[in-house]
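First comes the structure, then the notes that go with it.
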Amino acid sequence: MTTRRKFLKLSALSASLFAFNKTKATETISNLNSKQIKPVVLSTWKHGVQANEGAWKVLSAGGSALDAVEKGVMVTEDDFTNLSVGLGGLPDRDGFVTLDASIMDEKGRCAGVAFLQRIKHPVCVARMIMEKTQHVLMVGSGAQKFALDNGFKLEPKTLSPEAEKQYKEWLKKSEYKPMINIENHDTIGMIAIDANGNLSGSCTTSGLAYKMHGRVGDSPIIGAGMYVDNEVGAACATGVGETVLRICGSYLVVEFMRQGLSPNEACKKAVERLVAKNPNYKDVQVGFLALNKRGEHGAFALQKGFNYALYSNEINNKLFDSKSFLS
Ligand code: ASP
Numbered sequence: 104m105t106t107r108r109k110f111l112k113l114s115a116l117s118a119s120l121f122a123f124n125k126t127k128a129t130e131t132i133s134n135l136n137s138k139q140i141k142p143v144v145l146s147t148w149k150h151g152v153q154a155n156e157g158a159w160k161v162l163s164a165g166g167s168a169l170d171a172v173e174k175g176v177m178v179t180e181d182d183f184t185n186l187s188v189g190l191g192g193l194p195d196r197d198g199f200v201t202l203d204a205s206i207m208d209e210k211g212r213c214a215g216v217a218f219l220q221r222i223k224h225p226v227c228v229a230r231m232i233m234e235k236t237q238h239v240l241m242v243g244s245g246a247q248k249f250a251l252d253n254g255f256k257l258e259p260k261t262l263s264p265e266a267e268k269q270y271k272e273w274l275k276k277s278e279y280k281p282m283i284n285i286e287n288h289d290t291i292g293m294i295a296i297d298a299n300g301n302l303s304g305s306c307t308t309s310g311l312a313y314k315m316h317g318r319v320g321d322s323p324i325i326g327a328g329m330y331v332d333n334e335v336g337a338a339c340a341t342g343v344g345e346t347v348l349r350i351c352g353s354y355l356v357v358e359f360m361r362q363g364l365s366p367n368e369a370c371k372k373a374v375e376r377l378v379a380k381n382p383n384y385k386d387v388q389v390g391f392l393a394l395n396k397r398g399e400h401g402a403f404a405l406q407k408g409f410n411y412a413l414y415s416n417e418i419n420n421k422l423f424d425s426k427s428f429l430s
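Start counting the sequence shown at 104; every next residue gets the next number (our numbering).
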């Protein structure tokens, strides 16, 4: 039987959920600003700590979330020793490093670039597509030509020493199976809110190691690897992209926040949806990060082992372990 205390608790909860929904419908952004935690940046995995430093330089100087999420993940793209982001990443089955990235800002402007080769900063190419063209997605040689025409440099074909070593080892058996939490799939996804209360997101990866030549994952696809709605929140994903693509994962997380769920609950519900739609869920890892308009954040993963880095005025760039569906 519902006790009076439980009833009051439930009433208070419904009232606050109602208030939240009402807020979204009627309050202006300037009203919301007074309740926000800002600036905040969070990003996936351990490499997120260094990336957050790059983003925080922008945010703490009053810069935009858009600049922060671009500058932040550029740090990871620059790191030739990183085996899952940028040109140092593990190659596909045929020995090519092919990069995917996306970016989205508070105005809903967005773009992705996929299957891009020999260009150091795919996130900057994505931003240039967003700002200089009418398009939202460019791929392959056309995207590379666009980058070169716009001042990007063609980098050497060579694999990083560690990537080359691991690839040669892999070639001995050529067995393909994504490994849980091992660095053959560790995209950096980053979401941020700036001092003005605006949200943006970015995502960049060399994709699944030893994927088929031509395979594209979730990271460059707006709504799958990353999504931003400045009225509600932002989300990004990491892990086996095919499973995220099937549920439009980041868009789903944002939509759950729109319905009034906290960032944590929204990520958890998206993982539950992913489990329902992917019979192979026990063999893969996926993690989601979310940030709402108030600057509250959340995370949830399919398997244990997912972590993320958070930087705000209160939390000085720390790594946190995410909760997970499977223990
Ligand atoms: N999501 C990326 C992909 O499927 C890989 C990753 O996040 O680890 O390409």
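All C-beta atoms in this analysis are idealised placements derived from N, C-alpha and C, irrespective of residue type, glycine included. Keep in mind that this is a model prediction, so the values were computed, not measured.
Per-residue burial, residue i [other beta carbons within 10 Å of its own, 16 or more giving buried]
i, result
"MET315", "exposed"
"ALA164", "exposed"
"VAL274", "With the sequence shown as reference, residue 274 is identified as Leu, and Val is not the correct amino acid for it. With fewer than 16 Cβ atoms within 10 Å of its Cβ, LEU274 is classed as exposed."
"SER263", "buried"
"PRO259", "exposed"
"ALA412", "buried"
"GLY304", "buried"
"ASP170", "buried"
"ALA379", "exposed"
"SER425", "buried"
"THR341", "buried"
"ASN134", "Model confidence at ASN134 stands at a pLDDT of 45, short of 50, so the residue's coordinates are unreliable; what they give is reported in the following sentence. When all chains shown are included, ASN134 counts as exposed."
"GLY211", "exposed"
Whole-Å CB distance - residue i paired with residue j, under 8 Å assumed
i, j, result
"VAL347", "PHE218", "17 Å between Cβ atoms; not a contact."
"VAL176", "MET329", "Actually they are not in contact, since the Cβ atoms of VAL176 and MET329 sit about 11 Å apart, beyond 8 Å."
"GLY192", "VAL178", "Wrong, their Cβ atoms sit about 15 Å apart, outside the cutoff."
"ALA295", "VAL143", "7 Å"
"CYS213", "ILE222", "Contact flag wrong, Cβ pair sits at about 19 Å."
Any non-hydrogen atom of the ligand ASP within 8 Å of residue i CB
i, result
"ALA340", "yes"
"THR236", "no"
"GLU156", "no"
"VAL242", "no"
"GLU278", "no"
"THR261", "no"
"GLU345", "yes"
"THR184", "no"
For residue i: DSSP bridge partner residues
i, result
"ASP424", "ASN410"
"SER205", "GLY215 and CYS306"
"TYR330", "ALA338"
"THR147", "TYR411"
"GLY317", "In DSSP, GLY317 forms no bridge with anything."
"LEU240", "GLY215"
"VAL55", "Any answer about residue 55 is impossible in this case: the structure gives the chain only from 104 up to 430."
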